[in-house]
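Participant: Protein chains in written order, with the working numbering: chain A, 1 to 395; chain B, 1001 to 1069; chain C, 2001 to 2369. Backbone N, C-alpha and C fix where the C-beta goes; we use that ideal spot for every residue, glycine too. Have a look at this one.
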């Protein structure tokens, strides 16, 4: 009987804790990490959440919803540990949402710190990476944003929504980054984030006190990487082409001019891209097939009759031309930068592995700029909104 | 040092658990084998705790099959 | 604990085999196959699956000839007292080394992914304690526990498979067999040895199975089921993770579990799914420990085997810690040398045993006629 009691007490003794326990009040939940390069070291900014400020009950309203802690080091890991000299708790990266890399650092090369992210067991692979454009990464993380209390959450949702609804952005998660950086034939592309407005107003609550915040962020442009270095940016038209070709397009808009001052608005409701790589006389030819469903959302021109099927067909052709011009512009820019961000090489490797094996080392420099791209774009306009032709009088 | 005491504690617990039953049933062979294995176990564990270098058993595997590679 | 008196049913025997087959393979295999076969890992798995069924038949042939004797006794019957004891010793050596690899695997997994600050000795100590206690309760007890845990295991496995399926990209399997057949074969060898051939340990369970009929069908069925589990996991890893991620990360199934996200509310399930792996690794270790301890007791012709458990546990703990000074050394041995060890001790030696049993039977027949 006593042995049983002894064993039970021993088991209870083991329940008092284990080595790797981390209580909630001993960790700092990091939501965003910003990476800058300063004087030969990494300057790492951690945006941590202040749980009491975002809870529904206890908030005092006076403290910001999060805090920024910064550390320096030759590796990101050293910087994270150096922060404990300032921060009251240890960082916990399990909830990381956004990783901001400064443009200068991206130009130097991202390989070094990506390796650290890979090895860490706390970091999951589902956070997004963006490049801070025209500003330092720490400024992006210091921004007060309206509506959402947590700035990184606001930026994350904006990135994902704009990828779905607006097009010239892509939300790339860490595992996709690893995939792109691991092979040949598919280079990395990340979205750029820019800050607009009054630079001094961003990091104080006054920023969100007025209707239009003084300092705002916006995603603009897609950064083209070659290997692990940033080599150039795609503008809005080229970015749209990029998302079209890489099958990231879910919904977007097309503006077709009619007359000199008016634009027809077409909403793309769904889109599917298929890529095929062929070998014609030993040169690669990539065929991009695009099937897009669209709807007319804005028709200011009286002379086009929306009840006439021929008019719809004409609109479909014009939309297809618009998409094609976006895609051509994107491909042209990528060829100029000698970086295959679309994955043509990857597709070639899948369809013609023997040929790809031969040319993969020179793909970006020699073969990609010469590759012929064929476009097979079909737009189907299915709807015109809730009206046909409007009865609005126009002057 | 405290780890060494821990090792001997585990050995003592094993003895206390097993030996009375074996003596009661007069299983001499089993008793001998038990003590031999326990001695080997305690020796190895003490060596580990005192950070003496022990041979890696997988080296044996390596030697056995290095002619294949 | 008396030896052949404890009886388990055929169904329990099958469940133990399935749990033992998935064992540690479910954790480490995808990385090993991917490093050779990359996106064709699923093909390697298919080849190994077919070979595995043949191996199952081979083990069944031995099992059917054991006639209720324990493994050591069967060896002695087949080869006579001296040579049979040597063969038995070879089996025991094999079980011991296999057990070392399994405990190493678990300790590395726990310290890499789940509990990095815990010293590895503590994890091994607690794990081995549970194994020892499970052994001392007897084979009937842990067979019943296996029967209980099996539905939970299958349910969690189905959850993992179905929820990851939505993120599968069929593109990831292309190009198929671009580099030729050799990388695929190279990837199939570790699967065959680590998953299927190491299951020679089932021979230690055979004398306890309560049936007079042939064991071929049950063994083949459980090999088929276990192989199917492994194939699903490898295929999912290729489809969802892609060859690059599968090759880089050490525990791709953990990554697979991390990727599950359903409607933004069913997330972060990987700790629950770690339960899956701990069950399978525990059962395989238990089977090996069972084979080792009861085999050792039979080798010395002891009447009782419980007293060997604690000393053997201590020796195993020490040798596990010694044999894995770091993960690189361990991986090198597993990748290059251990397949041959498995082939030799889990295939050639049982082959000798089968030959011995067949010859002895023929001799017996000739003598009696």
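1) Under 6 Å Cβ to Cβ from residue 2011 of chain C, same chain only, skipping five residues before and after it: list those, please.
2) Reducing DSSP to helix, strand and coil, say where residue 258 of chain A ends up.
3) Are the stretch 2179-2195 of chain C and the stretch 2039-2046 of chain C touching, with three or more C-beta to C-beta distances below 8 Å?
4) At 4 residues or longer, and completely inside the stretch 2108-2148 of chain C: list those alpha helix (DSSP H) runs for me, N to C.
5) Is residue 2281 of chain C closer than 8 Å to residue 2106 of chain C when the C-beta atoms are compared?
6) Short of 9 Å Cβ to Cβ, which residues in the stretch 120-131 of chain A face chain C?
7) At 8 Å on the CB atoms, spell out the chain C contacts of residue 1010 of chain B, in chain order.
8) Give the interface partners of residue 2244 of chain C over in chain A, defined as CB-CB distance under 8 Å, in chain order.
9) If the cut is a Cβ gap below 8 Å, which residues of chain C does residue 20 of chain A touch?
10) With distance defined between alpha-carbon atoms, name the residue in A:287, A:299 and A:354 nearest to residue 256 of chain A.
11) Mapping the DSSP letters down to three states, classify residue 2342 of chain C as helix, strand or coil.
12) Could you please give the first and the last residue of the uninterrupted alpha helix (DSSP H) stretch that includes residue 2031 of chain C?
13) Beta-carbon within less than 6 Å of residue 378 of chain A's beta-carbon, same chain only, minus the 5 sequence neighbours each way: which residues are those?
14) Given this structure, state the Cα-to-Cα distance separating residue 2001 of chain C from residue 1047 of chain B, to the nearest angstrom.
15) Going by the beta-carbon positions, is the gap between residue 2324 of chain C and residue 2104 of chain C smaller than 8 Å?
16) Counting along the chain, where does the beta strand (DSSP E) carrying residue 233 of chain A start and finish?
17) Which of the three DSSP states, helix, strand or coil, is assigned to residue 108 of chain A?
18) Judging by CA-CA distance, which residue of C:2082, C:2301, C:2300 and C:2124 is the nearest neighbour of residue 2278 of chain C?
19) Runs of 4 residues minimum, wholly inside the stretch 2262-2313 of chain C: which ones carry the alpha helix (DSSP H) assignment?
20) Between residue 156 of chain A and chain C, is there a C-beta pair that is closer than 8 Å?
21) Starting from the Cα of residue 352 of chain A, find the closest Cα among A:277, A:321 and A:370 and give me that residue.
22) Can you confirm whether residue 221 of chain A, when its beta carbon is compared against all beta carbons of chain C, has any partner nearer than 8 Å?
23) Evaluate residue 356 of chain A with the Cβ neighbour count: other Cβ atoms within 10 Å of its Cβ, from every protein chain shown; 16 or more gives buried, anything less gives exposed.
24) Give the residues of chain C in contact with residue 1027 of chain B, contact being defined as C-beta atoms less than 9 Å apart.
25) Quick one: give me the first and last residue of the alpha helix (DSSP H) that residue 35 of chain A is part of.
26) Using a C-beta cutoff of 8 Å, does residue 1051 of chain B count as contacting chain C?
27) Just to confirm the assignment: which complete alpha helix (DSSP H) runs, minimum length 4, are found wholly within the stretch 115-160 of chain A?
28) Show which residues of chain C have a CB atom less than 8 Å away from the CB atom of residue 1040 of chain B.
29) Measuring straight from C-alpha to C-alpha, what distance separates residue 1052 of chain B and residue 2314 of chain C?
30) With DSSP run on the structure shown, which of helix, strand or coil describes residue 169 of chain A?
31) Using a Cβ-Cβ distance cut-off of 8 Å, determine whether residue 1004 of chain B contacts chain C.
32) Since residue 2210 of chain C and residue 2009 of chain C are thought to touch, with beta carbons under 8 Å apart, how far apart are those beta carbons, to the nearest angstrom?
33) Chain B beta carbons: is any one of them nearer than 8 Å to that of residue 2323 of chain C?
34) Taking the straight line between their C-alpha atoms, what separation do you get for residue 330 of chain A and residue 163 of chain A?
35) Counting only beta-carbon separations shorter than 8 Å, does residue 2108 of chain C have a partner in chain A?
36) For residue 1008 of chain B, count neighbouring C-beta atoms within 10 Å of its own C-beta (all shown protein chains included) and say buried if the count is 16 or more, exposed if not.
Facilitator: The answer reads as follows:
1) Excluding positions up to five away in sequence, the list is empty.
2) Strand at residue 258 of chain A.
3) yes
4) 2120-2137
5) Contact flag set, yes.
6) Against chain C - using a Cβ distance shorter than 9 Å - the residues of the stretch 120-131 of chain A are 121, 122, 124, 125 and 126.
7) Residues of chain C with a Cβ closer than 8 Å to the Cβ of residue 1010 of chain B are, in chain order, 2310 and 2314.
8) 178, 179, 182 and 183
9) Per Cβ cutoff of 8 Å: 2114, 2115, 2116, 2117 and 2118.
10) For residue 256 of chain A, the closest of A:287, A:299 and A:354 by C-alpha to C-alpha distance is A:299.
11) Residue 2342 of chain C falls in the helix class under three-state DSSP.
12) 2025-2037
13) Excluding positions up to five away in sequence, the list reads 291.
14) In this prediction, residue 2001 of chain C scores a pLDDT of 37, lower than 50, which makes its location untrustworthy; the coordinate-derived value is nonetheless stated afterwards. Computed Cα separation, rounded: 32 Å.
15) yes
16) 229-234
17) helix
18) C:2124
19) 2270-2299
20) no
21) A:277
22) no
23) Within 10 angstroms of the beta-carbon of residue 356 of chain A lie 16 or more other beta-carbons, which makes it buried.
24) 2302, 2303, 2304 and 2307
25) Not the alpha helix (DSSP H): residue 35 of chain A falls in the beta strand (DSSP E), residues 27-38.
26) no
27) 137-141
28) 2311 and 2315
29) 16 Å
30) coil
31) Under the Cβ distance rule, residue 1004 of chain B does not count among the residues neighbouring chain C, no pair being separated by less than 8 Å.
32) 6 Å
33) yes
34) 17 Å
35) no
36) exposed
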